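Numbering (our numbering), first residue to last: 228 to 563.
Structure first, then comments.
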């Protein structure tokens, strides 16, 4: 880091940036004047993309949403470029992470409404989005070929891990063979808008009140079908991580919250459910990372378990995700 870099902002001269582990770029925590900040480095900054992201984040913050706006430097700019590298400074995100399954039904509904507010505010502050979009669809034949290649690459060393790898890959191939004719269309007629792009528990922080104190992960800001982000977020937030699949009651509460803000319909949601399931079914790359990476993953088997459960319960999930957009009986537990 350039030694005088922190002084480009209103940071006291004696502040010592503390390097943070992980992440694709270098990051530091900076404590100054009783406040804490996150300083990030971009090796090859895309000034236009970062500028648009900063403008959106600042507007969302000003609208009262839990988004941390970038801190302007002394010259008023939020991106400082020196030595060919870019730097941005944010207030430190306080609060803690919470798994989606920890949330009450009421909290799930509020979280869905928050995503809806983000969608509507993004649309307001970034301008209209073209409402015709071609959404690429994965091919079962390509996924099957990738599975076969992965099986061939699996070491025949007699270890339990290699046996598990072959078994998981074989299970995925069987599912691909069984559901090859369930491919969704490439033209998506769902409402298109600005998307957070990575709305899941890893990018949410909660305060002591149990409300979201910060939504992080804005590098993924993009454009696409709103229903796709709602369904994808629900699938990430409320996956049980085992053969129980998805907590559909919490899913419904979350979608009901989003529906209270954004006017999607059951057809758009069901189309997004179909596509989300299909893309997970064809996602061989995640299997390769888990089983054929440089180091075997020691995490749980949630992605594989979710795909198997979702494939066995496809009709059930199509119906369940649509419930918040149709008549719902008053005794539904998702009302909390």
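We treat Cβ as the ideally placed atom computed from N, Cα and C, and that holds for glycine.
Keep in mind the model is a prediction, meaning the values are calculated, not measured.
In the structure shown, residue 408 adopts helical secondary structure according to DSSP, grouped into three states. Boundaries of the beta strand (DSSP E) harbouring residue 245: 245-247, taken from the DSSP string.
With fewer than 16 other Cβ atoms from the protein chains shown falling within 10 Å of its own Cβ, residue 388 counts as exposed.
DSSP places residue 485 in the helix class (H, G or I) of the three-state scheme. Residue 237 and residue 281 have their C-alpha atoms some 18 angstroms from each other.
Just measuring C-alpha positions, the residue of 515, 318, 310, 504 sitting nearest residue 544 is 504.
Comparing alpha-carbon positions, the option among 441, 429, 434 lying closest to residue 465 turns out to be 429. With fewer than three CB-CB distances shorter than 8 angstroms, the stretch 318-333 does not count as touching the stretch 393-402.
Annotation for residue 259: the continuous beta strand (DSSP E) segment containing it runs 254-259.
One thing to note: residue 453 has its Cβ within 9 angstroms of the Cβ of residue 417. Between residue 246 and the set 288, 267, 475, the nearest pair of CA atoms involves 267. Collapsing the DSSP output to three states places residue 513 in a helix. DSSP places residue 267 within a strand segment (E or B) once states are collapsed to three. Of all alpha-carbon atoms in 253, 372, 413, 446, the one lying nearest the alpha-carbon of residue 364 is that of 413. For residue 451, the uninterrupted beta strand (DSSP E) run begins and ends at 449-452, by DSSP. Residues 511 of the same chain have their beta carbon placed closer than 6 angstroms to that of residue 373, with the five preceding and five following residues left out of the count. In summary, residue 344 is buried, with 16 or more beta-carbon neighbours lying within 10 Å of its beta-carbon over all protein chains present.
Cα atoms of residue 463 and residue 507: separation of roughly 11 angstroms, rounded to the nearest angstrom.
Between residue 297 and residue 448, the alpha-carbon positions lie close to 15 angstroms from each other. For residue 366, the number of other beta carbons within 10 angstroms of its own is below 16, and it is reported as exposed.
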